[in-house]
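>
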Amino acid sequence: MYKEKTTESTHSLSLTRRRFVQGLAAGGAIAALNWGARPLFGEVSHHAPDTLTGNHFDLTIDYLPVNFTGKHRIATAVNGSVPGPTLRWREGETATLAVTNRLKETTSIHWHAIRLPSGMDGVPGLSFPGIKPNETFVYQIPVVQSGTYWYHSHSRFQEQTGVAGAIVIEPRDKDLITFDREYVVMLTDWTDTNPETVFSNLKEQSDYYNYHQRTTGTFFSDVKKMGLKPTISNRMMWGRMNMSPTDIADVTGATYTYLMNGNTPHGNWTGLFQPGEKVRLRFVNASAMTFFDVRVPSLPMTVVQADGNDVEPVTVDEFRISPAETYDVIVQPYENAAYTIFAQSEDRSGYARGTLAPSEGMVAEIPQMDPQPMRTMADMGMGGMAGMNMAGMNMAGIDGMKAKDMPAMSKSGTTQDGMKGMAGMDMGNSSMHSMPAMDKGKSPGADQQSMAGMDMSSSSKEAMPGMNKTDMAATGKHSMAGMLMGNAAGTIPFPQPRPNTMPLPGAGAIDVKLTPSSPVHMRVGPQVVGVAMNTSERLDDPGNGLKGNGRRVLTYADLRARYRGVDARPPSREIVLHLSGNMERFIWGFNGKKFSDAEPIELKLGERVRFVLINDTMMEHPIHLHGVWSELENGQGAFNPYKHTITVKPAERVSYLVSADTPGRWAYHCHLLYHMEAGMFRTVVIS
Amino acid sequence: MIFFTSFNTPSRRLPVLHLSMVVAIGLLSCLVARVSAQTATPPSAQTTALQTTANPPLMDNKVFVHVLFDQFEGRTNGSDSEFRWDGQAWAGTDMNKLWLKSEGFVNDGEMSDGDHEALYDRPIPRMRYFDAQAGIRADLDSGPKRVWGAVGIEGLAPHFFQLEPTFYFRDGGHLAARVSGSYDLLLTQRLVAQPELEMNFYSKQDPERGIGTGLSDVDTGIRLRYEFSRKFAPYVGFACDGTFGSTATFARQSGESVANPRFVFGVRLWY
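Shown next, in the form of structure tokens:
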């Protein structure tokens, strides 16, 4: 079970930590004197944010002088620490958090993926007015879940400048994940440039931070590799669209320094272990714009939790973590040796680095970064359609309807792809397998209605076993009947899936037909560069730059919830959203509209809906819905993983189910901070 | 505004122009402000009863301001040198911008080719990379002043060609057109070769300004810049400006050469 860090390490760490935190946080004069107390670039010294435990927390957001790169800058910090302190809550208690604003502007703290009354969600303009300078806002959060989460400011760019920290919630009962020691590993991206300037730069020149572009040099090396004609036709293909295959990250290592628990790669955050111990690493990607590819060379990682929810253990060498996602992994180093925790940015422009070691000062080799990935035609939504007419793509006023999208998928040809495509529309592969009547060969677009009907029956069948006596007994003291009644009425939120939680069955769902979603009319224009013609689910694809790298890389298809989902009802309707944008203009949105041009999405309290996201852009977007869970439809049926942030790869189509069980005005947005601020944001109203 | 006040033009010619300029810019600013005000309030704020505060959770309609001097350079052929600038500035939101352009030569205290524009700019529906622009152009230099209406587009043609065709009109049935284009060829991540071309056409001659009909003048060049940062890139290059047709005849009559090949040294700057 959980232990604090070993005594020796606590002492040595807290000394450094205290010097850092108190030295810099103790107000103007002292802070100024201790300006250099922050571990400087090149120093082998490290600290980690403090851990605060209990159920009452005083948090102060204030300016803090920092120095990550040799330049003095002012961060926004929680309790004088960047990242902020780790908060340890306990499930079943009520966490009271008094947040005081010492900034000159409005601030806020959003408790990412914490299930709470919407007034406590901390989004200025939606859930509350924000915390004005010198005001204190008291959050009261009844903690009804456990796992690894995080918090961050939801005010403009304060998250980028440091207002973020980890939340660890201990389960009410015994943690079913066993480990001897644990560390939070918080990944962030720091820039010395004012984020307003970063944003402004991107508006003026969207490839401002891309120093991995194609040049005449790469032209000639491509000619050598692929020949003259293919090289030219490839250049022409991208050029016609004014797009670049090197467009991997909008903000890169050209301005970012990647931090692990607030330490630069040179600062080398170190977590100690005794050989043979099981170490739980709680990875949190609290970065503003960076996808990290994480590995511990020569140490396999067993992923046990994703986005705070336990998953069936799956052992991998590497995983990609999107902004706002969390992954808990167990590593068990037997050697009396140091191991590098290596988190390279997706575009390979830099990395965060730390060390696991039996004693202080031990280091391991830092691996070379992988080659820089390139977008492909498949990412443009044109896989298998080389040589197609671009004009067709320009004009495609695509319907969100399957009628339009499904045939496109069927074009991708293989049975496997067809299956995957359909999995996105039903309860999952497992239920499909149990339905021999479903003909793989039939034209997918032809019979959407009956397909939906079949879904329902299969899902209700899935739900039935959950109703048996043994499981009911297992719930013990919980009044199951009351719980279900409450849920059906939508008055109490569903619990987080646990060994003893009971699914709400899909009673009477057999004849329910899925309401066809209203078509999405989207045209190319200033806010929409293209509409992908050929989208498919690529959940078993680890993403650009990770395929075929010789390592076992986690994919979304690997995530299987450890416990059965709590709402087995089929969705009653579908909401189709295209992720759209214009990289050149740096405008981002949903369905070709940015936030200020769009209406809120309305959900009825208690209803269960399917969100279908179709990514028409050339970038990954981690989409986060506040307040409720997003159950990724990755083919695991009743064991689809519960997530809070779902990344959609370029030209990918992903679906997930949402039980609208908590009323309020919730934020729904891309968790790339500058995409969100550019308009990739919707209000979701549950009422 | 800075464009119209920062260079030395004979001041006696300016009052009237300044006035018209100020009025035009004022009108444009009002238009921009009005449109932004309309778009700044999200529909959700008006339609949803659950609204808790007037402030939206994010501001995706912020005003950005940028200034770019693509050419800020000395040109010389050894015996004769001149100063050349060509810059643009814009301020506004994604959909509504005030766009200023200015270019000209200074040679021995004489200013020529002084062209200054104030335009309202808006992305064209159904177009991904092009903006429509409309406003006024003022020919302000050591020669007689002219004021034109201007309508044009500016944006990125396929294959990353920067393209900027504009039409002008003024009293007396004078029409004019200008096409300018450029391309950034990345030799390395920071070393960029930029070929550039600008052509001017006029429907009627204007002898006072030495303008003939048809293609009147061309300014072309290639510049090799090194981007120490995106915002600061010194360059060297070669440029040639020349006159054609009856414009060339006017030039010869006033003893000017019709083709000026020159080496250029300058810095590309933006803010």
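Residue numbers (the working numbering), protein chains in the order written: chain A, -11 to 675; chain B, 2 to 272. Cβ atoms here follow ideal geometry from the backbone N, Cα and C, with glycine treated the same way. All of these numbers come straight from a predicted model, not from anything done at the bench.
How would you list, in chain order, the residues of chain A whose beta-carbon sits under 8 Å from the beta-carbon of LEU187 of chain B?
Residue mapping note: residue 187 of chain B aligns to position 186 of the second sequence, counting from 1. Simply GLN201, ARG202, THR203 and THR204.
> Taking the beta strand (DSSP E) that LEU613 of chain A falls in, what are its first and last residues?
The count along the first sequence starts at 1 and reaches residue 613 of chain A at position 625. Per DSSP, LEU613 of chain A belongs to the beta strand (DSSP E) from 609 to 613.
> Keeping to the same chain, check which residues put their C-beta closer than 8 Å to that of ALA586 of chain A; ignore five residues upstream and five downstream.
Stepping through the first sequence from its first residue, residue 586 of chain A is reached at position 598. Within the same chain, ALA586 of chain A has close Cβ partners GLY577, PHE578, ASN579 and ARG670.
> Applying a beta-carbon distance threshold of less than 9 Å, which residues of chain A neighbour LEU270 of chain B?
Within the second sequence, numbered from 1, the residue matching residue 270 of chain B stands at position 269. By Cβ distance, chain A contributes nothing, its closest Cβ being about 13 Å from LEU270 of chain B, past 9 Å.
> Select from the region 56 to 76 of chain B all residues with a C-beta closer than 7 Å to any C-beta belonging to chain A, and list them in chain order.
ASN56, PRO57, PRO58, LEU59, ASP61, ASN62, PHE65 and HIS67
> From this set, A:THR206, A:ASP335, A:TRP99 and A:PRO355, which residue's C-alpha is nearest ARG341 of chain A's C-alpha?
Along the first sequence, read from residue 1 onward, the residue named residue 341 of chain A stands at position 353. Comparing Cα positions, the closest option is A:PRO355.
> If we define contact as Cβ-Cβ less than 7 Å, is ARG224 of chain B a contact residue for chain A?
Along the second sequence, one-based indexing puts residue 224 of chain B at 223. Not one chain A Cβ lies under 7 Å of ARG224 of chain B.
> By Cβ distance, which residues of its chain are closer than 8 Å to ILE563 of chain A, with the 5 residues on each side in sequence left out?
The sequence position of residue 563 of chain A within the first sequence is 575, counting from 1. Within the same chain, ILE563 of chain A has close Cβ partners SER505, ILE589, VAL597, ARG598, PHE599 and VAL600.
> TYR127 of chain A versus chain B: which residues are under 7 Å apart at the beta carbon?
Along the first sequence, read from residue 1 onward, the residue named residue 127 of chain A stands at position 139. Here the premise fails: no neighbours, minimum Cβ distance about 15 Å.
> Within 10 Å of its beta-carbon, does ARG169 of chain A have 16 or more other beta-carbons around it, so buried, or fewer, so exposed?
For the purposes of this step, residue 169 of chain A is taken as residue 181 along the first sequence, with counting starting at 1. The residue in question, ARG169 of chain A, is buried, as its Cβ has 16 or more Cβ neighbours within 10 Å.
> Using a Cβ distance threshold of 8 Å, determine whether the region 88 to 99 of chain A contacts the region 39 to 57 of chain A, with at least three qualifying pairs required.
Yes, the region 88 to 99 of chain A is in contact with the region 39 to 57 of chain A.
> Would you say the beta carbon of GLU572 of chain A comes nearer than 6 Å to a heavy atom of the ligand NAP?
Only the bare structure without any ligand can be found here, which leaves the ligand NAP out of the picture.
> At 7 Å on the CB atoms, spell out the chain B contacts of VAL111 of chain A, in chain order.
One-based indexing of the first sequence puts residue 111 of chain A at position 123. Ordered by position in chain B, the residues that pass the 7 Å Cβ test against VAL111 of chain A are PRO58.
> So does the region 329 to 339 of chain A actually touch the region 510 to 523 of chain A, counting three or more Cβ pairs closer than 8 Å?
Too few Cβ pairs lie closer than 8 Å, so no.
> Which value, in whole angstroms, describes the spacing of the CA atoms of ALA545 of chain A and ILE309 of chain A?
In the first sequence, the residue the question calls residue 545 of chain A occupies position 557. In the first sequence, the residue the question calls residue 309 of chain A occupies position 321. Their Cα atoms are separated by approximately 14 Å.
> According to DSSP, simplified to helix, strand and coil, what is LEU660 of chain A?
Here the question's residue 660 of chain A lines up with position 672 in the first sequence. DSSP places LEU660 of chain A in coil when its eight states are reduced to three.
> Whose CA, out of A:GLY518, A:GLY569 and A:VAL66, lies closest to the CA of MET229 of chain A?
Working through the first sequence from its first residue, we reach residue 229 of chain A at position 241. Comparing Cα positions, the closest option is A:GLY518.
> Identify the contact partners of GLN624 of chain A in chain B, using a Cβ-Cβ distance below 8 Å as the criterion.
Walking along the first sequence from the start, residue 624 of chain A turns up at place 636. The contacting residues do not exist; GLN624 of chain A stays about 33 Å from chain B at best.
> Please report how far the alpha carbon of ALA151 of chain B lies from the alpha carbon of PHE574 of chain A, in whole angstroms.
Position 150 of the second sequence, counted from the first residue, corresponds to residue 151 of chain B. Position 586 of the first sequence, counted from the first residue, corresponds to residue 574 of chain A. About 27 Å.
> Please list the partners that GLN360 of chain A has in chain B, where partner means a Cβ-to-Cβ separation under 7 Å.
Counting from one through the first sequence, the residue named residue 360 of chain A turns up at place 372. Ordered by position in chain B, no residue passes the 7 Å Cβ test against GLN360 of chain A, which lies about 12 Å from the chain.
> Looking only at its own chain, which residues have a Cβ that is under 7 Å from the Cβ of TRP679 of chain A, when we skip the five neighbours before and after it?
Given that chain A is displayed from residue -11 to residue 675, the structure contains no residue 679 of chain A and the question cannot be resolved.
> Would ARG551 of chain A pass as a contact of ARG486 of chain A if the rule is Cβ separation under 7 Å?
To locate residue 551 of chain A, count along the first sequence from 1; it is residue 563. To locate residue 486 of chain A, count along the first sequence from 1; it is residue 498. In the sequence as displayed, the identity of residue 551 of chain A is Tyr instead of Arg. Contact: yes.
> Closest by CA to VAL516 of chain A, which one among A:VAL156, A:GLY569 and A:SER675?
To locate residue 516 of chain A, count along the first sequence from 1; it is residue 528. Checking every option, the nearest Cα to that of VAL516 of chain A belongs to A:GLY569.
> Which whole-angstrom value is the C-beta distance of LEU320 of chain B and GLY246 of chain B, which I expect to be below 8 Å?
Residue 320 of chain B lies beyond the range of chain B shown here (2 to 272); nothing can be said about it.
> Does the distance from the CB of GLY241 of chain A to the CB of SER96 of chain A come in under 7 Å?
Position 253 of the first sequence, counted from the start, is the residue given in the question as residue 241 of chain A. Position 108 of the first sequence, counted from the start, is the residue given in the question as residue 96 of chain A. No, the Cβ-Cβ distance between GLY241 of chain A and SER96 of chain A is not below 7 Å.
> Any beta carbon of chain A sitting closer than 7 Å to that of PRO126 of chain B?
Walking along the second sequence from the start, residue 126 of chain B turns up at place 125. Chain A has a Cβ within less than 7 Å of the Cβ of PRO126 of chain B.
> From the DSSP output, which residues share a beta bridge with ALA133 of chain B?
Sequence index remark: in the second sequence, residue 133 of chain B carries index 132 (1-based). B:ARG123 and B:ILE154.
> The beta strand (DSSP E) with LYS535 of chain A in it runs from where to where?
In the first sequence, residue 535 of chain A corresponds to position 547, counting from 1. Here LYS535 of chain A belongs to no beta strand (DSSP E), and DSSP marks it neither H nor E.
> Give, in chain order, every residue of the region 564 to 584 of chain A whose Cβ lies closer than 9 Å to some Cβ of chain B.
The residues in question are ASN570, GLU572, ARG573, PHE574, ILE575, TRP576, GLY577, LYS582, PHE583 and SER584.
> Could you give the distance in angstroms between the alpha-carbon of ALA655 of chain A and the alpha-carbon of GLU155 of chain B?
Position 667 of the first sequence, counted from the first residue, corresponds to residue 655 of chain A. Position 154 of the second sequence, counted from the first residue, corresponds to residue 155 of chain B. For ALA655 of chain A and GLU155 of chain B, the distance between alpha carbons rounds to 36 Å.
> According to DSSP, simplified to helix, strand and coil, what is ASP393 of chain A?
Counted from its first residue, the first sequence places residue 393 of chain A at position 405. Because the pLDDT of ASP393 of chain A is 37, which lies under 50, any placement of that residue in the model is unreliable, and the question is left without a value.
> Need the endpoints of the alpha helix (DSSP H) that PHE251 of chain B sits in, please.
Position 250 of the second sequence, counting from 1, holds the residue named residue 251 of chain B. Where PHE251 of chain B is concerned, the enclosing alpha helix (DSSP H) stretches over 246 to 254.
> Helix or strand or just coil, what does DSSP make of LEU85 of chain A?
What you label residue 85 of chain A is simply residue 97 of the first sequence in a count that begins at 1. LEU85 of chain A: strand per DSSP, three-state reduction.
> At a CB distance below 8 Å, what residues from the region 164 to 190 of chain B approach chain A? Give them in sequence order.
Listed in sequence order: LEU186, LEU187, LEU188, THR189 and GLN190.
> Taking only beta-carbon atoms, is ARG263 of chain B less than 7 Å away from chain A?
By one-based count along the second sequence, residue 263 of chain B stands at place 262. Not closer than 7 Å to any Cβ of chain A, the Cβ of ARG263 of chain B fails to qualify, so no.
> Between the alpha carbons of TYR322 of chain A and MET664 of chain A, how many angstroms are there, rounded?
By one-based count along the first sequence, residue 322 of chain A stands at place 334. By one-based count along the first sequence, residue 664 of chain A stands at place 676. Roughly 43 Å between the two C-alpha positions.
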